[in-house]
Amino acid sequence: MADGYHGGLNVLLNGRRLSPVQRRIAHYLSENLDEAIFLSSVELAERAGVSQPSVTRFAMVLGFGGYPELRQALRPLVLGSTGTGEPQESLLRGAIDVEIRNLAVVRERLSAFPLKELGEQLAATEPLPVVGLRVSCGLATTFADYARRIHPDVRLLTHGGSELADGLHACRRAGAEWLVAVVLPRYPREAVQALEYAEKLGYRVAAITDKPGFPAEVVLDAPVGDRLVFDSHAAPLLLAMALVEAMADAAPLRTRARLEEYERMTDETGTFLAGDPTPPLAGDEGHLTG
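Last residue of the sequence shown: number 670 in our numbering, and the count goes up by one each step with no gaps.
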């Protein structure tokens, strides 16, 4: 490890009286800092042979609010001393590597997800409410947009409070049996409360989230990327698209009819650009120039 790594880390550790567990963490960091700056607190705990709360307490002993703040402070020690002048590129490469690992986790666990059975249930329920609040709104909207093309009645609920409660009640009154909820960190309190209310209304809940123990009848969990300032959601997005695929397979005749109808509609209305969306440049061969 470069001397600069040691010097910067020693400044943080100087004068701190560490417990034996905390010394194990410090030792691991001193030997593996170039790798550790891309690890989550859970991953660091596993590598150092300690518990995740111990990692959090270690960060707080050093004066940080938690491990993410400590990790952010450690990154310049490595990324700023590479001599390449490209710390941002190194950070992005690390974030991409994490997402590749996250996708590999989903691939390895794919057979454990009840996608076929859940797809059949969701294809049969009308209407199909989809809930996603705050940061989860984006993935919920993407799921709902594609699901609408193969399902006759998908209702997207992305606003909290009484509007969300009204929407859940209206869908249930209209015959909805299942609810798809996207709940990604940071978890909105009102999203959890809304799902508790949904269960009281008699809904069966399928959750797309990052935690296997999430309180729902069916949980499709995939890890999120946490190397950048804000999380990235490549793996949960893949699961959402797999669920749409399962819904399409569950009702093949309806899927075919609705997709053909959708294509006719978009052709008639000119919804999408035809061919290359890049505008021609003046002087390009084969294009009018004046």
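By construction, the Cβ of each residue, glycine as well, lies at the ideal position given by its N, Cα and C atoms. Everything numeric in this text was worked out from a predicted model, so none of it was measured.
Task: Same chain, Cβ closer than 7 Å to I435, five either side skipped, listed in chain order - done: The question names Ile, yet the displayed sequence has Val at residue 435. Excluding sequence neighbours, V435 sits near I405, S421, L424, A425 and Y447.
Task: Extent of the continuous alpha helix (DSSP H) to which P433 belongs - done: Residues Q432 to V441.
Task: Candidates V510, V599, R437 and L392, of which the one nearest A556 by Cα - done: Nearest Cα to A556 within the set V510, V599, R437 and L392: V510.
Open item on the list: Would L564 and S516 qualify as a contact pair, given that the criterion is a beta-carbon distance under 7 Å?
Closed with: For L564 and S516, yes; Cβs fall inside 7 Å.
- [ ] Check each candidate in A628, D606, E640 and T635 and name the one with the smallest Cα separation from K671.
- [x] Outside the shown range of the chain, which is 381 to 670, sits residue 671, and nothing can be said about it.
- [ ] Compare the C-alpha of N482 against each of D606, R634 and L633 and name the closest.
- [x] Looking at the Cα atoms, D606 is the closest of the given residues.
Task: Extent of the continuous alpha helix (DSSP H) to which L623 belongs - done: Residues A614 to A630.
Open item on the list: On the criterion of 16 or more Cβ atoms from any shown chain inside 10 Å, does L633 qualify as buried, or is it exposed?
Closed with: If you draw a 10 Å sphere on the C-beta of L633, you find fewer than 16 other C-beta atoms in it, and that means exposed.
Task: Residue burial classification, L519 (beta-carbon count within 10 angstroms, cutoff 16) - done: Flag for L519 reads buried.
TODO: Locate the alpha helix (DSSP H) running through V350, then write down its first and last residues.
DONE: It is not possible to answer for residue 350, since the shown part of the chain is limited to 381 through 670.
TODO: For the beta strand (DSSP E) containing R535, list its first residue and its last residue.
DONE: Annotation for R535: the continuous beta strand (DSSP E) segment containing it runs V534 to L537.
Open item on the list: One question on the structure: do E570 and G540 come within less than 7 Å of each other, judged by their Cβ atoms?
Closed with: Against a cut-off of 7 Å, the Cβ pair of G540 and E570 comes out as a contact.
- [ ] Would you list the residues sitting across from T589 in a DSSP beta bridge?
- [x] Residue pairing by DSSP places T589 opposite V563 and D601 in a beta bridge.
Task: C-alpha distance - F418 paired with R427, whole-angstrom precision - done: A direct Cα-to-Cα measurement between F418 and R427 gives close to 12 Å.
Open item on the list: What would DSSP say about P509, mapped onto helix, strand or coil?
Closed with: Three-state result, P509: strand.
Open item on the list: Rounded to the nearest angstrom, what separates V441 and R396 at their Cα positions?
Closed with: The C-alpha of R396 is placed about 8 Å away from the C-alpha of V441.
- [ ] Could you tell me which of I476, T635, D647 and E641 sits nearest to A504, measuring between CA atoms?
- [x] Comparing alpha carbon positions, the residue from I476, T635, D647 and E641 closest to A504 is T635.
Open item on the list: Measuring alpha carbon to alpha carbon, tell me which residue in A578, I530 and R566 is nearest L731.
Closed with: With the chain represented from 381 up to 670, any question about residue 731 goes unanswered, as that position is not in the structure.
Open item on the list: Among the candidates R638, A631, V604 and G499, whose CA atom is the shortest distance from the CA of A484?
Closed with: When R638, A631, V604 and G499 are compared, the shortest CA-CA separation from A484 is found for V604.
Task: CA nearest to the CA of S491, picked from A622, I588, L544 and A574 - done: Closest by alpha carbon: A622.
Task: C-beta atoms of V585 and A554 nearer than 7 Å - done: Taking 7 Å as the Cβ cut-off, V585 and A554 do not qualify as a contacting pair.
Task: Status (buried if at least 16 other CB within 10 Å, exposed otherwise) for L653 - done: So L653 ends up on the exposed side.
Open item on the list: Please report the distance separating the alpha-carbon of P507 from that of C551.
Closed with: Taking the straight line joining both Cα atoms gives about 6 Å.
- [ ] Could you work out which residue in E449, D601, L450 and R451 is closest to E488 when comparing CA atoms only?
- [x] Checking every option, the nearest Cα to that of E488 belongs to D601.
- [ ] Just the C-alpha distance for R528 and Q501, rounded to the nearest angstrom, thanks.
- [x] Rounded to the nearest angstrom, the two C-alpha atoms are 15 Å apart.
Task: Nearest-angstrom Cα separation, counted from A545 out to P616 - done: Answer to the nearest angstrom: the Cα atoms are 25 Å apart.
TODO: Compute the beta-carbon to beta-carbon distance between T589 and V599, rounded to the nearest angstrom, for a pair I have assumed lies under 8 Å.
DONE: Right, their Cβ atoms sit about 7 Å apart.
- [ ] Just grab the DSSP bridge partners of R584 for me.
- [x] For R584, which the question treats as bridged, DSSP gives the partners W558.
Task: Burial state of Q402 (16 or more Cβ within 10 Å) - done: Classification of Q402: buried, given that the 10 Å Cβ count is 16 or more.
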